[in-house]
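Notes follow once the structure below has been shown.
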Amino acid sequence: MNIRKAAVLGAGVMGAQIAAHLVNAGIETLLFELPAKEGEPNGDVDRALEGLKKLEPSPLASPARLVCIQPANYGQHLALLRECDLVIEAIAERLDYKSDLYRRVAPFVGEHAIFASNTSGLSINLLAQSFPEHLRHRFCGVHFFNPPRYMHLVELIACRETETQLLDQLETFLVSTLGKGVVRAKDTPNFIANRIGVFSMLATRHHAAAFNLGFDTVDALTGRYLGRPKSATFRTLDIVGLDVFAHVVNTLRENLTDDPWHKHFELPAWLGYLVDQGSLGQKAKRGIYQKIGKEIHVLDLHTNEYRLSDAKIDDSVKDILRERDWAKKLAGLRGHPHPQAQFLWAVFRDVFHYCALQLGEIADNARDFDFAVRWGFGWDSGPFEIWQAAGWQQVAAWIAADIVADRAMADTPLPAWVVEADRTGVHTPQGSFSPSPPTPLPLAGEGGAQAQYQSRSTLPVYRRQLFPDRLQGEAHEYGVTLFETGDVRLWHMNDGIAILSFKSKMHTVSNGVLDDMLRAVDEAEANYTALIIWQTEPPFSYGANLLQLMQGVQEPVAHASMFDKFKQAANRVKYTVAGGGGIGDVLNAATGNVPHVEAVVAKFQQTSMRLKYAQIPTIAAVDGLALGGGCEFAIHCSRIIATLESYIGLVEVGVGLLPAGGGCKEMAQRAAQEAQRFANDNRVDVFPFVRRYFQNIAMGEVAKSAELAREMGYLRASDRIVMNRFELLHVAKEEAKALNATAYRPPLAQRQIAVAGRTGIATLKAAMVNMKEGGFISEHDYDIGCRVAETICGGDVEAGALVDEQWLLDLERKHFMELLATEKTQARIEHMLKYSKPLRN
81 MNIRKAAVLG
91 AGVMGAQIAA
101 HLVNAGIETL
111 LFELPAKEGE
121 PNGDVDRALE
131 GLKKLEPSPL
141 ASPARLVCIQ
151 PANYGQHLAL
161 LRECDLVIEA
171 IAERLDYKSD
181 LYRRVAPFVG
191 EHAIFASNTS
201 GLSINLLAQS
211 FPEHLRHRFC
221 GVHFFNPPRY
231 MHLVELIACR
241 ETETQLLDQL
251 ETFLVSTLGK
261 GVVRAKDTPN
271 FIANRIGVFS
281 MLATRHHAAA
291 FNLGFDTVDA
301 LTGRYLGRPK
311 SATFRTLDIV
321 GLDVFAHVVN
331 TLRENLTDDP
341 WHKHFELPAW
351 LGYLVDQGSL
361 GQKAKRGIYQ
371 KIGKEIHVLD
381 LHTNEYRLSD
391 AKIDDSVKDI
401 LRERDWAKKL
411 AGLRGHPHPQ
421 AQFLWAVFRD
431 VFHYCALQLG
441 EIADNARDFD
451 FAVRWGFGWD
461 SGPFEIWQAA
471 GWQQVAAWIA
481 ADIVADRAMA
491 DTPLPAWVVE
501 ADRTGVHTPQ
511 GSFSPSPPTP
521 LPLAGEGGAQ
531 AQYQSRSTLP
541 VYRRQLFPDR
551 LQGEAHEYGV
561 TLFETGDVRL
571 WHMNDGIAIL
581 SFKSKMHTVS
591 NGVLDDMLRA
601 VDEAEANYTA
611 LIIWQTEPPF
621 SYGANLLQLM
631 QGVQEPVAHA
641 SMFDKFKQAA
651 NRVKYTVAGG
661 GGIGDVLNAA
671 TGNVPHVEAV
681 VAKFQQTSMR
691 LKYAQIPTIA
701 AVDGLALGGG
711 CEFAIHCSRI
721 IATLESYIGL
731 VEVGVGLLPA
741 GGGCKEMAQR
751 AAQEAQRFAN
761 DNRVDVFPFV
771 RRYFQNIAMG
781 EVAKSAELAR
791 EMGYLRASDR
801 IVMNRFELLH
811 VAKEEAKALN
821 ATAYRPPLAQ
831 RQIAVAGRTG
841 IATLKAAMVN
851 MKEGGFISEH
861 DYDIGCRVAE
871 TICGGDVEAG
881 ALVDEQWLLD
891 LERKHFMELL
901 ATEKTQARIE
911 HMLKYSKPLR
921 N
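If you're matching positions, the sequence shown starts at 81 in the numbering used here and goes up one per residue.
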């Protein structure tokens, strides 16, 4: 099925953002709302579309996509639904509202269209009863998570009449076109992710009260230390909305009267008080937290007043939380007498207990269960993964002991399958455990690899995921190694395509990486049909490891931060940050001489040029950050294949430098090519095209999506955007094959690049003088900007003069080295290495 046009019914927060993500994926979309009571009938939906512009992070991959959403209202435009292949209902979570809407729109829904509800927890079978019987086979639930662009999870829920083929088609669309991770959930209240995620929050609230811990202390304990989002627990409630959370909890309480934990599905008095006061969280600018000026204040339940947030974690508890081994971490928390440790163990225990009891009821298997929680709530590991990593039998024994001792939230014993003598977990290389037979609906690909273990889906769309998201107990084998060093690994999958993956922290580029990249290009040219740069995990590359490049270190210090390396270098010359001197002293002592540093920069340029002019296609498969040197490598490859959530930019000005790995050169060359296409009577005016590239570099601007990267010139028209990051390597390989199918040849070396020259430099400098005098930029910012201008405009030559790439590379390197010699640039580098933040000086 080809979904060409979609409609979203309901222009609220979720509906408008779902529409935005549909147009991100190139789907023409209608957004419906009730006719406005006054003025323009589309007034309410128009205001919703305007609201999309204000949301951060943006639901739109590019502001230009907004016009692709067509506003509509139920009074005038219902006939337009007949053109739609997919209709998603996203109105308020009330059964009566939804039922009335279904009866109203059903006569206009095409007989081949899919009609899906975005309900977060209402029964799909109950909703289906309000849909005409002859259309119920095309009705289902499709639950997006907020914000829809960024949250990977979509839960897919069938009603009794839903066609299996329809679910397969919709899953394929959601996975590949919208880039989502799909989990098929059973039709139970709040499905999987909300059921478990909300229970985890309720357990956290219960034990926080029992151990007398403040909201900010709980958030300090339950965020990144546990592999969860920084917003942790109560800050997450503020983001979601306290009224929304209250509704979800009420749904659980009303529909799960037989749940052993039912007595805990109650809202605390303080939450009801905040909701009644309109303190709903982030959207009301006050909830559990409130920002006053630049300070964050938190509600204190002892005084019912807001106080400055100043949470402190006990040092001994912090030591336990820093432990990476889950077995040691949980054992440490359970055995530690401090209330913070006992609180954390109690939450883990009750969440594990609840998950074990609910697995068979709400999910087909433990894989769907863990992925739903990971993808829907941003956990690094699902609850069963943590349990398995910590030692299944030991944790089960601890839980059982606490149940007997009446310390658990419920006294229901663990299910028999949990305590089977030979059980070591629920995830194996063969499949994930299911305590009950698969759903009666014949879901595609849910076959049992072993009794009670279900393998991954065999839907054809998943063949595009060469290395899908993995679970505890699963292992990826990344092909056959060609060579491996401390910095990189070059490997292949027996298909003639070489793949280069970095091993450095944040995939930064050191001198050793440069050597290995040159070796990889040589190897790929000699024996393979293409070279793909692809990382097993994002980011693509955080850019140059400045200190290592300047020191000329051949092998990085394993797992050391950039500042750790700075301190090690400082110690080698008996230098301390507090004791005087500057980074220049360290650099001079470590590198020995400036010519050596310049040689490393020249090698960086050489690597970029080898990628550009290799005799085989070079593909940059970009996911996540591609900054500075990472961006420079990508823009020199034959093609960039980027996920939508790729953030690309030349950011060197942040440390007082300019791009010197070919970035300025490449942007100048692209400006010249664009100018040539618009030339009149052979007169080429490069400056209008140079201006935007200059601004990108001088302002250190980073594209906030791959679509914006294309608009900013980092991606070319021929580069591709992939919605699902797990399909990235597949698409990169297909692109390499397509290039070779047309007898790939590298581009011819450009020896006549038209530049803006001294006229362009003067114009850019004049604009910067105004900014400096207005206090918008510093004197050093001005110096850096002038050097960027001189480089990208081709230096002191006439406007329209023709230069070659080496001329521009030499300018880059010259200005890079001159900036590096300044005290203010050295101070910026030192500040970045010490604090990971830019310095304005």
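Just so it is clear, CB atoms sit at the ideal spot from N, CA and C, and this is done for glycine as well. In this text, all values refer to a predicted model and were calculated from it rather than measured experimentally.
Is the Cβ-Cβ distance between residue i and residue j less than 9 Å?
{"i": "Gln-420", "j": "Asp-394", "result": "yes"}
{"i": "Gly-743", "j": "Ile-777", "result": "yes"}
{"i": "Met-792", "j": "Leu-705", "result": "no"}
{"i": "Arg-447", "j": "Arg-308", "result": "no"}
{"i": "Gly-983", "j": "Ser-688", "result": "Nothing can be reported for residue 983, as the shown portion of the chain is limited to 81 through 921."}
{"i": "Gly-734", "j": "Val-589", "result": "no"}
{"i": "Glu-787", "j": "Arg-145", "result": "yes"}
{"i": "Ala-86", "j": "Cys-164", "result": "yes"}
{"i": "Ala-720", "j": "Ile-699", "result": "The sequence shown places Ile at residue 720, rather than the Ala named in the question. In this structure, Ile-699 lies closer than 9 Å to Ile-720 by Cβ."}
{"i": "Thr-609", "j": "Gly-576", "result": "yes"}
{"i": "Ile-98", "j": "Thr-257", "result": "no"}
Run through the DSSP bridge pairs and tell me what residue i is partnered with.
{"i": "Arg-926", "result": "Within the shown structure, residues of the chain are numbered from 81 to 921, placing residue 926 beyond reach of any answer."}
{"i": "Leu-379", "result": "Tyr-386"}
{"i": "Glu-108", "result": "Lys-85"}
{"i": "Val-397", "result": "Note: Val-397 sits in no beta bridge, so no partner."}
{"i": "Val-702", "result": "Ala-722"}
{"i": "Leu-166", "result": "Ala-86 and Ile-194"}
{"i": "His-507", "result": "Ser-512"}
{"i": "Ile-728", "result": "Ala-706"}
{"i": "Ser-621", "result": "Ala-706"}
{"i": "Tyr-261", "result": "It is worth fixing the name first, because residue 261 is Gly in this sequence and not Tyr. Partner(s): Leu-233."}
{"i": "Ile-149", "result": "Thr-109"}
{"i": "Phe-224", "result": "Val-234"}
If you count every other CB in all the chains shown that lies within 10 Å of the CB of residue i, and 16 or more means buried, which is it?
{"i": "Phe-563", "result": "exposed"}
{"i": "Lys-133", "result": "exposed"}
{"i": "Pro-121", "result": "buried"}
{"i": "Lys-409", "result": "buried"}
{"i": "Pro-768", "result": "exposed"}
{"i": "Ser-916", "result": "exposed"}
{"i": "Asp-318", "result": "buried"}
{"i": "Glu-870", "result": "buried"}
{"i": "Gln-510", "result": "exposed"}
{"i": "Glu-235", "result": "buried"}
{"i": "Asp-876", "result": "exposed"}
{"i": "Pro-228", "result": "buried"}
{"i": "Thr-822", "result": "exposed"}
{"i": "Gly-854", "result": "exposed"}
{"i": "Gly-361", "result": "buried"}
{"i": "Gln-156", "result": "exposed"}
What's the gap between the Cα of residue i and the Cα of residue j?
{"i": "Gly-553", "j": "Arg-218", "result": "37 Å"}
{"i": "Asp-299", "j": "Arg-315", "result": "7 Å"}
{"i": "Tyr-862", "j": "Gly-123", "result": "46 Å"}
{"i": "Arg-487", "j": "Trp-614", "result": "49 Å"}
{"i": "Arg-893", "j": "Lys-745", "result": "10 Å"}
{"i": "Ala-128", "j": "Ser-138", "result": "14 Å"}
{"i": "Leu-140", "j": "Ala-759", "result": "34 Å"}
{"i": "Val-255", "j": "Asp-176", "result": "31 Å"}
{"i": "Gly-95", "j": "Glu-169", "result": "8 Å"}
{"i": "Glu-603", "j": "Leu-828", "result": "22 Å"}
{"i": "Met-597", "j": "Ala-624", "result": "14 Å"}
{"i": "Glu-712", "j": "Val-125", "result": "42 Å"}
{"i": "Val-601", "j": "Met-803", "result": "28 Å"}
{"i": "Asn-921", "j": "Gln-906", "result": "11 Å"}
{"i": "Ser-858", "j": "Thr-843", "result": "19 Å"}
Exercise for review: Please confirm if the stretch 203-220 is in contact with the stretch 164-180, defined as three or more CB-CB distances below 8 Å between the two stretches.
Suggested key: Yes, since at least three Cβ pairs between the stretch 203-220 and the stretch 164-180 fall closer than 8 Å, the two stretches touch.
**Study point:** Meets three-Cβ-pair contact criterion under 8 Å: the stretch 789-808 and the stretch 153-167
**Key:** No, because fewer than three Cβ pairs between the stretch 789-808 and the stretch 153-167 fall closer than 8 Å, the two stretches do not touch.
Check your understanding: Do the stretch 100-112 and the stretch 746-754 make contact, defined as three or more Cβ pairs closer than 8 Å?
Key -> Contact annotation: the stretch 100-112 does not touch the stretch 746-754, with fewer than three C-beta pairs closer than 8 Å.
Check your understanding: So, do the stretch 395-415 and the stretch 232-246 have three or more beta carbon pairs nearer to each other than 8 Å?
Key -> Under the three-pair Cβ rule at 8 Å, the stretch 395-415 does not count as touching the stretch 232-246.
Check your understanding: So does the stretch 434-444 actually touch the stretch 272-284, counting three or more Cβ pairs closer than 8 Å?
Key -> A contact exists between the stretch 434-444 and the stretch 272-284.
Review point. Does the count of Cβ pairs from the stretch 423-434 and the stretch 283-291 closer than 8 Å reach three?
Key: Output reads yes: the stretch 283-291 touches the stretch 423-434.
Review point. So, do the stretch 877-885 and the stretch 833-848 have three or more beta carbon pairs nearer to each other than 8 Å?
Key: With the cut-off at 8 Å, the stretch 877-885 and the stretch 833-848 touch.
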